[in-house]
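A short write-up of the structure that comes next.
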Amino acid sequence: MERALRLAERGRGRTTPNPIVGAVVVTAAGVVVGQGAHLQAGGPHAEVIALDQAGRLARGATLYCTLEPCSHTGRTGPCVDRIIAAGVSRVVMATRDPNPRVAGGGAGALRAHGIEVREGVAEAEAQRQNAPFFRWIVEHRPFVTIKAAASADGFVGRPGERVSITGPEADRFFHQQRAAIDAIAVGSGTLLADDPLLTAREAYRFRPLTRVIFDWRLRVPPGARVWSTLEAGPVIMMVSRRAVAERPEAAASLERAGAVIVSFDSRDLAPMLTDLAARDVMWLLVEGGPSLHAEFFKAGLVDHVQLAVSSHVLEGGVPLQLGDLPGGSWDRPTRIAPLGKDVLVEFDVHRPY
Numbered sequence: 004m005e006r007a008l009r010l011a012e013r014g015r016g017r018t019t020p021n022p023i024v025g026a027v028v029v030t031a032a033g034v035v036v037g038q039g040a041h042l043q044a045g046g047p048h049a050e051v052i053a054l055d056q057a058g059r060l061a062r063g064a065t066l067y068c069t070l071e072p073c074s075h076t077g078r079t080g081p082c083v084d085r086i087i088a089a090g091v092s093r094v095v096m097a098t099r100d101p102n103p104r105v106a107g108g109g110a111g112a113l114r115a116h117g118i119e120v121r122e123g124v125a126e127a128e129a130q131r132q133n134a135p136f137f138r139w140i141v142e143h144r145p146f147v148t149i150k151a152a153a154s155a156d157g158f159v160g161r162p163g164e165r166v167s168i169t170g171p172e173a174d175r176f177f178h179q180q181r182a183a184i185d186a187i188a189v190g191s192g193t194l195l196a197d198d199p200l201l202t203a204r205e206a207y208r209f210r211p212l213t214r215v216i217f218d219w220r221l222r223v224p225p226g227a228r229v230w231s232t233l234e235a236g237p238v239i240m241m242v243s244r245r246a247v248a249e250r251p252e253a254a255a256s257l258e259r260a261g262a263v264i265v266s267f268d269s270r271d272l273a274p275m276l277t278d279l280a281a282r283d284v285m286w287l288l289v290e291g292g293p294s295l296h297a298e299f300f301k302a303g304l305v306d307h308v309q310l311a312v313s314s315h316v317l318e319g320g321v322p323l324q325l326g327d328l329p330g331g332s333w334d335r336p337t338r339i340a341p342l343g344k345d346v347l348v349e350f351d352v353h354r355p356y
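Its first residue numbered 4, the sequence shown is counted upward by one per residue in this note's numbering.
See the structure below:
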C-alpha cells in the first residue's frame with residue numbers, strides 16, 4: 004500500500020476533478036506484476052493500468068489500491084468490472100470513495116462476485132493524500148490551504164510596500180506547489196501592494212491555473228500585471244454587487260482586461276467557495292494577505308496551514324495573524340522542514356469528513 008500511495012502522487016496536479024489513485028498487483032508469491040497511477044481526468048484509472056501490466060498474472064493475485072475502485076460509468080468504464088474479469092482473488096483498499104456514486108458500491112460489487120475485500124489499510128494516509136477531493140465531494144467546496152511567510156520577529160510585510168521575506172529555496176518550493184493546486188487566491192490589498200503575476204514559475208504545470216482575487220470594492224486596476232498572464236489560466240474576481248452597480252465602468256474595464264467577475268450580496272465566503280467548487284476547484288491556496296486569512300479563519304473554512312518562517316528580521320510592520328478555528332482544531336505541526344535558511348511549518352485542521 005505504501006508503494007501504491009507513492010504511485011498516486013504521480014497524478015498530483017493532473018487529475019482534477021478526479022482523485023489521485025495508485026494501484027499495485029501482487030501475486031500469491033509476493034511478486035509485483037503490475038502497477039499504475041491515474042494521471043489525467045478521462046484517462047485510464049490506476050487499477051486498469053496495473054491490471055493491463057499484470058495481464059494473465061492478475062488471476063488469483065491481490066490488487067492494492069489507495070481508493071475504493073469505481074462501480075459507475077463516467078468518462079471511463081467501472082473499474083470493478085475489469086477487476087472481476089481479471090480474476091483477482093483479493094482487493095486491499097485504503098479507504099472508501101466518498102463520492103455518492105461509489106461510496107461502498109465498489110467494495111460491495113467485488114464481494115458479490117466472491118472477491119475478498121479488505122478495507123482501511125493506511126486509511127488515514129490515503130484520506131490525507133486525497134483531502135482536497137474528499138472536501139470537494141463531501142462539502143461541495145475547495146480544500147483551503149492558508150499560506151503565509153513571516154519574518155523571524157513575526158511580521159508578514161510592511162503596509163503598502165513590497166517586501167521579500169523568504170529566500171530562493173522557499174520561493175522555489177511554493178512555485179512547485181502552485182503547479183499542483185487548482186487555484187491561488189489573494190485579496191485586493193496584496194495585489195495592490197505586490198502586483199504579483201500569480202503564476203507557477205520554475206515548475207511545469209499540467210493544467211491552467213485559476214487565479215482568484217477577492218476585491219469587494221473593485222480596487223484592482225486594469226493595468227495590474229496579472230492581466231498579462233491570462234494564457235496561464237483564468238482570473239476570477241469576487242466582488243460585491245453594490246460595487247458593480249456603483250462603478251460599472253470599473254467593472255467593464257476589468258472585464259475588458261480579462262477578468263471573470265462574480266458578484267455577491269454579502270462577504271460570506273461560503274457561497275464564493277461553492278462557486279469555485281462548481282468550476283472544478285478542489286484545492287485553493289490562499290496566499291494573502293492577513294485580512295483575507297483572518298476572514299477564512301473566522302468563517303471556519305481553513306483546512307491546512309503553511310507557514311514559512313524566515314531568518315530575516317523586519318523590525319516592525321504587519322503582524323502575522325493565525326486565527327481561531329471554528330468547528331475545527333489543530334495541535335502540533337504535521338511537518339517541519341528546512342527550506343534553505345527558512346523553515347516550513349505545516350498544520351492540519353482536524354475535521355470529520
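Think of the CB as a built atom: it goes at the ideal place given N, C-alpha and C, for glycine as much as any other residue.
CA-to-CA distance, residue j to residue i, given in whole angstroms
i, j, result
"residue 340", "residue 169", "14 Å"
"residue 247", "residue 119", "59 Å"
"residue 116", "residue 323", "56 Å"
"residue 274", "residue 144", "9 Å"
"residue 191", "residue 14", "32 Å"
"residue 312", "residue 228", "27 Å"
"residue 325", "residue 184", "22 Å"
"residue 232", "residue 153", "27 Å"
"residue 237", "residue 56", "38 Å"
"residue 338", "residue 291", "21 Å"
"residue 258", "residue 206", "29 Å"
"residue 295", "residue 100", "32 Å"
"residue 131", "residue 22", "12 Å"
"residue 256", "residue 220", "14 Å"
"residue 321", "residue 182", "28 Å"
"residue 75", "residue 155", "52 Å"
"residue 173", "residue 148", "16 Å"
"residue 17", "residue 209", "6 Å"
"residue 245", "residue 200", "27 Å"
"residue 24", "residue 302", "31 Å"
"residue 37", "residue 5", "15 Å"
"residue 307", "residue 52", "32 Å"
"residue 73", "residue 250", "49 Å"
"residue 304", "residue 350", "14 Å"
Identity of the residue in the options nearest residue i by Cα
i, options, result
"residue 162", "194, 223, 65, 53", "194"
"residue 30", "205, 66, 42, 20", "66"
"residue 218", "211, 189, 209, 203", "189"
"residue 20", "204, 283, 336, 316", "283"
"residue 42", "61, 34, 12", "12"
"residue 108", "84, 208, 124", "84"
"residue 226", "177, 260, 215", "260"
"residue 197", "165, 214, 174", "165"
"residue 280", "215, 309, 319, 230", "215"
"residue 139", "277, 302, 297, 159", "277"
"residue 146", "33, 187, 128", "187"
"residue 224", "262, 349, 315, 78", "262"
"residue 346", "201, 177, 319", "177"
"residue 94", "113, 105, 79", "113"
Supposed close pair residue i, residue j - CB separation, criterion 8 Å
i, j, result
"residue 151", "residue 69", "Wrong, their Cβ atoms sit about 30 Å apart, outside the cutoff."
"residue 343", "residue 171", "7 Å"
"residue 28", "residue 10", "At roughly 12 Å, the Cβ-Cβ gap does not stay under 8 Å, so residue 28 and residue 10 are not in contact."
"residue 91", "residue 64", "6 Å"
"residue 317", "residue 299", "In fact, because the Cβ distance is near 23 Å, the residues do not count as touching under 8 Å."
"residue 61", "residue 97", "Actually they are not in contact, since the Cβ atoms of residue 61 and residue 97 sit about 19 Å apart, beyond 8 Å."
"residue 254", "residue 202", "That pair is no contact at about 24 Å."
Environment of residue i [buried if 16+ CB atoms lie within 10 Å]
i, result
"residue 353", "exposed"
"residue 356", "Bear in mind that a pLDDT of 48 at residue 356, under 50, signals an unreliable position, so the model cannot answer this."
"residue 384", "Any question about residue 384 goes unanswered here, given that the chain covers just 4 to 356."
"residue 358", "Residue 358 cannot be examined here, being either before or after the span of the chain that is shown, 4 to 356."
"residue 50", "buried"
"residue 211", "exposed"
"residue 157", "exposed"
"residue 39", "buried"
"residue 103", "exposed"
"residue 141", "exposed"
"residue 71", "buried"
"residue 204", "exposed"
"residue 47", "buried"
"residue 58", "exposed"
"residue 123", "exposed"
"residue 127", "exposed"
"residue 34", "exposed"
"residue 45", "exposed"
"residue 160", "buried"
"residue 32", "exposed"
"residue 293", "buried"
Specify whether the segment 238–250 and the segment 263–275 touch according to this definition: at least 3 beta carbon pairs, one from each stretch, less than 8 Å apart.
yes
Pair every Cβ in the segment 127–144 with every Cβ in the segment 278–293, then say whether three or more of these pairs are closer than 8 Å.
They touch, by the three-pair rule.
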